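The structure under discussion appears below in the form of structure tokens.
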Amino acid sequence: LEDFPGLAAGQISASTYLAELRKADGLVQVVRGFLNPAVPHPRGKINPADDINSMAEELILSDLVMLTARLEKLEKDLHKFKDPEGQKEKELLERLKPRLENSQQLRETDLSPAEKKIIRGFCLLSLKPILPVINIDESDLAYLNNLEERFPGLNPVRPVLGLCGQIEKEIMELEDEEKALFMSSYGLIEPVQSRFFAKIKEVMELLTFYTIGQDEVRAWLIKKNTPAVKAAGEIHTDLERGFIRAEVLPFEELQKAGSWQKAKESGLIHLEGKDYQVQDGDVIYFRFSA
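Under the working numbering, residues 5 to 294 are what the sequence shown spells out, in order.
Shown next, in the form of structure tokens:
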């Protein structure tokens, strides 16, 4: 994670760190949901939905400026010489530009793998997954799982994470044995780190699978719908190249069995081929030839 300072409305497209944002795989937008008269909100009111939408508009505008400039260059080049690939790019950008002009984020647009490849180099900001994080008052902790009720205007179908920064700061300063009791006093079931990680996986369409060695268990993050052979390649290219089979067991089943060997003896482990779609929580042993 890399932290960038917040900017006022209208400053993002002109900021010097815009190029840095484009390098990111995804964005986390922290917005204010707490009251503090000593630190007034720049807009004069607390409205997380407005702040989220304002940021989205800035990103859309930035992408629109970039695509418009690229289209102008393509049109000039295509007048000079024929370029089938350039023509495909032009047709795609002409389809995307009106969406941006209508304030639609490109991540809501259905794109084929070939189309995604064409625009990959632009690193379009409105195409990136974004997780809004709302820093709320202690008095609003009851709304953690229903932020739309507390803050009208939030999109109920889009993932959003709520937290109380002040409370989380206090939790971080406690000894481990004190944290659970302190959290329960506020009705907090799990650490914010766990909730944050789960939301990040959701917006970025990631899943976790595990591998077990003699001395360690390792977790690996991959995109959803990744076949087993590609998951093996995330560990080492030799595993992908020499892939034979994958021995697969859901993590919950491994916990119940007590060990990999006991799970195998109980017939719980199943063999899968290279096209098997890895599932969140799978524990996998890859068979491969050197």
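C-beta: ideal position from N, C-alpha, C; glycine also. Remember, it's a predicted structure, so these values are computed and weren't measured experimentally.
* Compare the C-alpha of L211 against each of V43, E177 and V287 and name the closest. => V287
* Which residues share a DSSP beta bridge with V282? -> Partner(s): none; V282 has no beta bridge.
* Under three-state DSSP, which class holds L5? -> coil
* Asked: Does DSSP put N139 in a helix, in a strand, or in coil?
  -> strand
* Kindly confirm or deny that the segment 141 to 159 and the segment 167 to 180 touch, where touching means at least three C-beta pairs closer than 8 Å. => yes
* To do: Give me the Cα-Cα distance between L178 and L225, rounded to the nearest whole angstrom.
  => 30 Å
* To do: Determine contact between the segment 270 to 278 and the segment 249 to 257, defined as no fewer than three beta-carbon pairs at a distance below 8 Å.
  => yes
* Asked: Under three-state DSSP, which class holds I193?
  -> coil
* Asked: Near R199, which residues of its chain fall below 8 Å by C-beta distance, leaving aside the five closest residues on each side in sequence?
  -> L165 and L167
* Got a sec, what are the start and stop residues for the beta strand (DSSP E) P133 sits in? -> Unbroken run through P133: none, as it is neither H nor E.
* To do: Provide the residue span of the alpha helix (DSSP H) that contains R36, from first to last.
  => Unbroken run through R36 is the beta strand (DSSP E), L31 to G37; no alpha helix (DSSP H).
* What residue range is occupied by the uninterrupted alpha helix (DSSP H) comprising L96? -> P88 to E105
* Asked: Which residues mark the beginning and the end of the alpha helix (DSSP H) in which A261 is found?
  -> F255 to A261
* **Rounded Cβ spacing between D242 and A294 (contact assumed at less than 8 Å)** => 7 Å
* Roughly how many whole angstroms lie between the Cα atoms of K49 and L158? -> 16 Å
* Express the C-alpha separation of D284 and P163 in angstroms, rounding to a whole number. => 18 Å
* Look at the alpha carbon of C127 and the alpha carbon of S189, and state the distance between them as a whole number of angstroms. => 44 Å
* Closer than 6 Å by C-beta to S263: which residues in its own chain qualify, once you throw out the five before and the five after it? Chain order, please. => none
* Using the Cα positions of Y280 and P156, report the straight-line distance between them to the nearest angstrom. => 42 Å
* Asked: Which stretch, first to last residue, makes up the beta strand (DSSP E) that contains V221?
  -> V221 to K227
* Secondary structure of H274, DSSP reduced to three states -> strand
* **the ligand NAP heavy atom lying under 7 Å from the CB of I239** => Within the structure as shown, the ligand NAP is missing, as the structure has no ligands at all.
* Would you tell me roughly how many angstroms separate the C-alpha atoms of G191 and I138, rounded to the nearest one? => 18 Å
* **Straight-line Cα distance separating I122 from K94** => 10 Å
* How many angstroms separate the CA atom of K101 from the CA atom of Q265? -> 56 Å
* Asked: Taking C-beta to C-beta, are L104 and L78 nearer than 8 Å?
  -> no
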